[in-house]
Amino acid sequence: MTDTHYAEEQANEIEILQSIYPTEFEELSADPHQFSITVPVEEDDVRSCTLCLTVTYTATYPDELPEFTISVLDEDDDAPPLSDTDATLDTKDIDDLTDQTRTIGEECLGMAMVFSMASNLREIAALRLVAKTIHLKQLREQRIQKEVEAEQAKFIGTPVTRENFLEWKAHFNCETSAIESDALVGDDKASRRVAKPDDRLTGRQLFEQNKDLAKSDSKYINEGDISVDSKLFDREQDLSDNE
Numbered sequence: 101m102t103d104t105h106y107a108e109e110q111a112n113e114i115e116i117l118q119s120i121y122p123t124e125f126e127e128l129s130a131d132p133h134q135f136s137i138t139v140p141v142e143e144d145d146v147r148s149c150t151l152c153l154t155v156t157y158t159a160t161y162p163d164e165l166p167e168f169t170i171s172v173l174d175e176d177d178d179a180p181p182l183s184d185t186d187a188t189l190d191t192k193d194i195d196d197l198t199d200q201t202r203t204i205g206e207e208c209l210g211m212a213m214v215f216s217m218a219s220n221l222r223e224i225a226a227l228r229l230v231a232k233t234i235h236l237k238q239l240r241e242q243r244i245q246k247e248v249e250a251e252q253a254k255f256i257g258t259p260v261t262r263e264n265f266l267e268w269k270a271h272f273n274c275e276t277s278a279i280e281s282d283a284l285v286g287d288d289k290a291s292r293r294v295a296k297p298d299d300r301l302t303g304r305q306l307f308e309q310n311k312d313l314a315k316s317d318s319k320y321i322n323e324g325d326i327s328v329d330s331k332l333f334d335r336e337q338d339l340s341d342n343e
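So the sequence shown is residues 101 to 343, counted in this note's numbering.
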């Protein structure tokens, strides 16, 4: 195929692409031919996104692959915030999409291939988003299930086994012994307080320790007072008993 034929093939494809993508097609350069096609990716229950396929014809296109890149366009400012189940395409996804798009192009060598590349790009990107969304929903369900199980576990308690029962019993016995020991100490202190002997001495003990007490009252006897012998009272009592 001559250069003229390549140029005609390329011009014809561009004209067809402009009719298929009236708003999505944008010509970037005429020599060499370079243009971009926006590829909206929409699917039920999937967060939509828009890809941009930028193509540059080589001199011998379509007998060889065109140069192309794939990128993700930024969302509009009024787009809703991402949820925990909204999947997006990251760098690895774009690399995979590029490889698969290149494979589609290789299958179409010798004929116009950009339309097939753009169409397949839309499909494989949608499948990737669906798969990632399903995975995110599964992760959310697993997280919710774990939270539910953790909440239910609060009301179930720990199953009793021989090992944890013996551990609990040993701990319980230690606590019981400590409480009983404290109680005994308290009772002993109380009993000592109640049984504490009176520190006061009896009258006899006072006289035995200090015999001067017996003489202490003599200083109160005034001169001329009558001294009474107590033995007289004893004798009088004896006479009365004999009568």
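Where a beta carbon is used, it is the ideal one built from N, C-alpha and C, also for glycine.
In this structure, Gly210 sits away from Phe168, with a CB-CB distance that is not shorter than 9 Å. Judged by DSSP in its simplified three-state form, Ser183 adopts coil rather than helix or strand. In the same chain as Ile137, and ignoring 5 residues on each side of it, the C-beta atoms closer than 6 Å to its own belong to Tyr121, Glu124, Phe125, Leu153, Ala218, in chain order.
Bridge partners of Cys149 according to DSSP: Val141. If you draw a 10 Å sphere on the C-beta of Val248, you find fewer than 16 other C-beta atoms in it, and that means exposed. Rounded to the nearest whole angstrom, the C-alpha separation of Arg222 and Asp176 is 20 Å. Approximately 16 Å separates the beta-carbon atoms of Ala231 and Leu151; this is outside 8 Å, ruling out the contact.
Look at the beta carbons and you see the segment 155 to 167 not touching the segment 176 to 189: under three pairs across the two are nearer than 8 Å.
A direct Cα-to-Cα measurement between Ser277 and His271 gives close to 10 Å. Looking at the backbone, the Cα of Ser216 and that of Glu251 are separated by about 53 Å.
Beta-bridge partners of His133 (DSSP): Ala130. For Glu241, the enclosing alpha helix (DSSP H) begins and ends at 214 to 256. If you check the CB distance, Arg240 and Thr160 do not come in under 9 Å.
The beta carbon of Asp193 is closer than 7 Å to those of Arg228 in its chain, skipping five residues each way along the sequence. Per the DSSP secondary-structure output, Glu267 pairs with nothing in a beta bridge. Looking at the DSSP output, Thr156 bridges to Gln134, Glu167. For Ile279, the number of other beta carbons within 10 angstroms of its own is below 16, and it is reported as exposed.
Apart from sequence neighbours up to five positions away, the residues of its chain that approach Thr258 with a beta-carbon distance below 7 Å are Asn264, ordered along the chain.
In this structure, Ile116 is the residue among Asp103, Asp174, Asp199, Ile116 with its C-alpha nearest to the C-alpha of Val214.
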